[in-house]
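**Student:**
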Amino acid sequence: DSESCGVLSTIHTQSPDIAQGVDREGAGDQGMMFGYANKETPEYM
Numbered sequence: 052d053s054e055s056c057g058v059l060s061t062i063h064t065q066s067p068d069i070a071q072g073v074d075r076e077g078a079g080d081q082g083m084m085f086g087y088a089n090k091e092t093p094e095y096m
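One rule links them: number in this note's numbering = place in the sequence shown (from 1) + 51.
1. State the DSSP-derived secondary structure class of I62, mapped to helix, strand or coil.
2. Which residue from T61, R75 and F85 puts its Cα closest to that of P97?
3. Where E94 and F85 are concerned, what is the direct C-alpha to C-alpha distance, given to the nearest angstrom?
4. Expressed to the nearest angstrom, what Euclidean distance is found between the alpha-carbon atoms of T92 and S53?
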């Protein structure tokens, strides 16, 4: 429930190896997100 859940955020600088691939091939970082939508805000967050 929202009273006892936690939020983990791990954002860091992109790897130079990935940046090199993005510049040449158009690929990028990938991430994993999960959650649910509700009607409490206009954005359904």
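Just so it is clear, CB atoms sit at the ideal spot from N, CA and C, and this is done for glycine as well.
**Tutor:** Straight from the coordinates:
1. coil
2. Look at the range of the chain in this structure, 52 to 96, and you will see that residue 97 is not part of it.
3. 16 angstroms
4. Going by the C-alpha atoms only, they are around 15 angstroms apart.
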